[in-house]
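Worksheet: one structure, shown below.
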Amino acid sequence: MYDFIIIGAGIIGTNIARELSKYPFKTLVLEKENDVANHQTVANSAIVHAGHDPIEGSLKAILCVKGNALYEELEHELSIPLLRTGAFVLAHNDEEEQMLRDLKVRADHNGVPTSTILDGHTARKLEPNMSDSVTQVLSLPTTKVTYPWEVAFACLENAMKNGVEFRKNQEVTNIKWVKDRFVVETNFKETIETKHVISASGIFSDQIAHMLEKDVPYTIKPRRGEYYVLDRRVKGYLERVLYPLPTSKGKGVLLVPQVHGNILVGPTSVDQLDKVRTTTTPDGMKQIKEDAARLAKNIPFDKTIRTFAGIRAGSTYKDFFIQESKEFKGFYHVAGIDSPGLTAAPAIARYLVDEVIQPNVEKKENFDPFREEKIFFYTLSEDEQKKKIKENPLYGNIVCKCEKITEVEIMEAIHSPLGSDTIKGIKKRARAGSGLCQGGYCENTVLKIIARETGQSLDQINYYGKDTPILLKETKVK
Amino acid sequence: MKELICIVCPVGCHLHVDDQKNITGNQCPRGLKYGLEEITHPSRIITTTVKTSNPMMPRLPVKTSSPIPKELMFEIMDRIGAEIVTKSVKMNEIIIENILDTKVDIIATRSLNMLES
Amino acid sequence: MKTHLLVIGGGAAGMAAAVSAANKGFDVLVVERDRELGGILNQCIHNGFGLKEFKEELTGPEYADRFMNQLNEHKIPYLLSTTVLDIVRKDHFTIKCSSVEKGLFEIEANAVILSTGCYERTRGAILLPGERPKGIMTAGSAQRYLNKDGYLVGRNVFILGSGDIGLIMARRMTLEGANVLGVAEIMPFSNGLTRNVVQCLHDFNIPLYLSHTVTDIRGKERLEGITIQEVNEKFQVIPNTEKSFEVDTLLLSVGLIPDVTLFDSLTLEIDPITKSVVVDQNYETNIPGLFACGNSLHVHDLVDEVSNESKKAGEAAVRYLMHDHKNKHTLIIEKNENVRYVVPQTIAYNQLEVEHIELSFRVTKKISSAIINVMQDGEIIQTKKARYLVPAEMLRIAIPKDKITGISSLVLAVKEV
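Protein chains in written order, with this note's numbering: chain P, -12 to 465; chain H, 23 to 139; chain R, 2 to 418.
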């Protein structure tokens, strides 16, 4: 019997797993997809927000500011990429300048450590591509950008190192409270017993909660956001994250420099009923271009390599819902985690464990917080690269030419503790296929490396999910 | 009344063929010849691949040595699909002789060295 | 490692350039990232190549073989499985390379030819809407899986883009047992050779939907279906023209883009229409000693033309090695509204070197009858009549070098008559 089952291995579930692994609990993470981090975690702006816009006193505000600071710790312990971009919130006229001042007051109340109002002229010296019509900005130097799914991998890897179990392709189909424990049923008709259940199930939070509670105190309201991804060769166009003033719909369309040099432009914010359809639309693409034009000039949209959409788990509760079930003690809701969920994730985990669960056992003495350093080969100096090639000549084989990813990095993505044998899983971990040609050149080689390393035939290799082979069948075989 | 596009030159005349096999629409005599052939015995060169036993080159590109009757295309594909090359071949070497009794051979369009790995 | 002339890319262009530069008193070295020479020709197993170059109709591999033989006859050395990472220019070029065999290493060269071909335009670059399931790939990728590895990528296929690659794959997939439900083309005419429309589509009753594009893609994990819709002359989607298809595969044949992204350390002048480097009549870029040819300079219709152009680039590189191109003065070639692009874009008028300067260009629309004029200072210095001009077919006009006088720009004007 487990002490805890965590439902969902996104950014929240993996952070919670890590936090729980500090205690001598028997913990299991169940994930319904074929990989760690599949939904919101892989479709967001990647920003670690300063905490300037959530409503004062809300959990969103408190945990965003706390989480922002905790990312420094994550970077040090887990070797996650963290780009200290800073940010500007832009105002174009008197009315907006007043809103900016209100925002600064809110930022101060929320405990954002540094923020300053700069005039447009000074700001433009720092960001020459910022729109000419900007009159004033709110500078938020604690804003950072990370690589969200890498953070999830790192947290779960570390949790597993400290004893947490993980099972993917396990969809929770029912939860029952029987006598003195929870019985969790999965799509394999398997039942697992546990003392506590933590639901970090994102978009499906209300459905999971409904398995137990008749009256779930929130309903998830899906909200789709679309993005452009610009090729990493636009690096240098922008240093900071650029925000418009927030509205009731959310933070608006942003310009976000990414860890590896790309720029994200987006997201839109459109309510939809469907929880899984992540389509991009011509209207969405048009909206992004229109809105982004207010932020910066000559945005290099001609360098678009990809567009994508994600669905936020918006909630009728309007704040993070991190509470123990009133009816079923031991069931914990961690629901409605939309923006600033990525930023707040480490703080949400601590808040859940320290303040809501309040374990009555001591933390483990032998908890190991560290993950081995993960370095992308292309970031190393020539001398360091030569050294690595001496140790392993396969570093000399550049598989993904666009992003300069080597064969060794791909093999590590297959064989690491949270490795993957799918094309997209390798793309998430090693970045092969993330560049200009979007795998046009390297997918063929990545496929062959996966087949070789896992002993499968080429037509068994999946794109992402369990039954998504890239190749249909070998020809000319009877 | 059948309609064809002549492919002999870039103009691409639209040819019309009536029931008496009269061809109109061509702007030169080559189009006439092409049209006649297309309606009497249309034939095509097939280019495809044949399976090999060499894991470094699992498929060897091949072609028909001359055009084959169009209606035999899929049968010929099936016959080629049943073949496997197990020894080294040179460019233009015959892989299948007189395929399906058409007097046309299937020849390699690339050489294959079985010893290479 | 040192050489005089480094050729980056051992496909059709690279081999032709290397062969024409060989045995002229300078060392030539070819670097290729794949494990064999030949480039894209290796997977183009269909015929139609070589009619001009060899007066024979050859398949891709056969064409490649001819040049590989020439390469070997001239004893030109080449490195396989070697990726170029960057090029730095000081008084010579330093090309940073990587391979398993040699690790990270540098090649010093006095001149460099870029013959790196193209990559295929992706779904993201054309903002194709809908979901992102597996089952969507470029036609060239599917071609490689099928022709080299022997795997079919899907059973029920739709193809977006009627360029030659899309048409060829329509036939190829059908012959190997797939069911190709149609080809959609956003233009009102096919981009590919007419013979391909006939032999790849008509032969197999595969419908061609002109003035159509894909407007929806369905399927969360696996592609389940697509919708196409008609577009008007402004390429806006026309409502109520939806046609849906249940497919597991969507192949994209929506354009080739020159692969000229090697150079974080070089600032190259780029032509926004060709999306490649600007060159003069010697195929030299704005960086002295750096040349480009083949598809990486502009997308060709026939490999024969790639070979023709690349031979000239190789010869020009040799001339450069003999006497540096210092103090180059260039004039610009302007174009009228009927010309989409012209290569070369400039002429180095104090280094005319060749007897004839050949301009390659494409028109913006179908023109049945035209007069092509090259003018300088308002005077027509070269003229040519032509019929049945289409954007899908590259055109050429040659200017004798003594017709170019002075330094004012040339104008390439195609006039409809």
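Cβ atoms here follow ideal geometry from the backbone N, Cα and C, with glycine treated the same way.
Residues bridged to residue i (per DSSP)
i           : result
Asn76(H)    : Per DSSP, none; premise fails for Asn76(H).
Asn353(P)   : Answer is none; Asn353(P) lacks a bridge partner.
Met376(R)   : Ile381(R) and Val412(R)
Val35(P)    : Lys131(P)
Phe140(P)   : Per DSSP, none; premise fails for Phe140(P).
Lys76(R)    : According to DSSP, Lys76(R) bridges with nothing at all.
Tyr(-11)(P) : Thr181(P)
Phe159(R)   : Gly183(R) and Leu251(R)
Pro11(P)    : Partner(s): none; Pro11(P) has no beta bridge.
Phe363(P)   : Paired residue(s): none; Phe363(P) is not in a bridge.
Lys386(R)   : Ile372(R)
Ile333(R)   : Thr347(R)
Tyr467(P)   : Coverage of chain P is limited to positions -12 through 465, which leaves residue 467(P) absent and any answer about it impossible.
Ala393(R)   : BP columns for Ala393(R) are empty, so no partner.
Phe246(R)   : Ile227(R)
Ile166(R)   : The partner list for Ile166(R) (beta bridge, DSSP) is empty, contrary to what the question assumes.
Ala23(R)    : Ala23(R) pairs with nothing; no bridge assigned.
Thr95(R)    : Val89(R) and Glu109(R)
Phe75(P)    : Ser126(P) and Leu229(P)
Range covered by the alpha helix (DSSP H) that runs through residue i
i         : result
Leu57(P)  : Leu46 to Leu65
Asn116(P) : That residue, Asn116(P), is in no alpha helix (DSSP H); it is neither H nor E in DSSP.
Pro404(P) : It is not in any alpha helix (DSSP H) - Pro404(P) carries neither H nor E in the DSSP assignment.
Lys411(P) : Ile410 to Ala417
Lys313(R) : Val304 to Met323
Lys91(P)  : Asp81 to Asn97
Ile195(P) : Ser192 to His197
Ala332(P) : Gly328 to Arg337
Helix, strand or coil at residue i [DSSP, three-state]
i         : result
Ile419(R) : With chain R running from 2 to 418 in the structure shown, residue 419(R) is simply not present.
Met147(P) : helix
Thr160(P) : strand
Leu81(R)  : coil
Thr267(P) : strand
Ser277(R) : strand
Gly136(R) : coil
Tyr428(P) : coil
Thr123(R) : coil
Gln230(R) : strand
Leu232(P) : coil
Asp87(R)  : strand
Arg5(P)   : helix
Val39(H)  : strand
Leu147(R) : helix
Phe288(P) : helix
Lys316(P) : coil
Pro100(P) : coil
Any C-beta of chain C under 8 Å from that of residue i
i        : result
Lys73(H) : This model lacks chain C altogether; the protein chains it does include are P, H and R.
Enclosing beta strand (DSSP E) for residue i [first to last residue]
i         : result
Glu390(P) : Where Glu390(P) is concerned, there is no enclosing beta strand (DSSP E), given that its DSSP letter is neither H nor E.
Arg299(P) : Thr291 to Ser302
Lys374(P) : Lys374(P) -> not in any beta strand (DSSP E); alpha helix (DSSP H) instead, spanning Glu369 to Glu378.
Pro244(P) : Leu241 to Pro244
Val31(R)  : Val29 to Val32
Arg168(P) : Arg168 to Thr173
Gln466(P) : Only positions -12 to 465 of chain P appear in this structure, which leaves residue 466(P) out of reach.
Arg154(P) : Glu152 to Arg154
Asp217(R) : His213 to Arg219
Gly49(R)  : Asn48 to Phe50
#### Entry: Cβ-based contacts, 7 Å cut-off: residues of the region 75 to 90 of chain H near chain R
Pro80, Arg81, Pro83 and Lys85
### Query
In chain order, what residues of the region 100 to 133 of chain H put their CB closer than 9 Å to some CB of chain P?
Ile102, Gly103, Ala104, Glu105 and Ile106
### Query
Which runs of the alpha helix (DSSP H), 4 residues or longer, sit entirely within the region 60 to 120 of chain H?
95 to 103
### Query
Along the region 432 to 465 of chain P, what residues have a CB closer than 8 Å to any CB found in chain H?
The residues in question are Thr462, Lys463, Val464 and Lys465.
#### Entry: Contact set between the region 138 to 158 of chain R and chain H, restricted to residues whose Cβ is under 7 Å from the partner
Asn148, Lys149, Asp150 and Gly151
### Query
According to a CB-to-CB cut-off of less than 9 Å, which residues of the region 279 to 304 of chain R neighbour chain P?
Taking 9 Å as the Cβ-Cβ cut-off, the region 279 to 304 of chain R has no residue approaching chain P.
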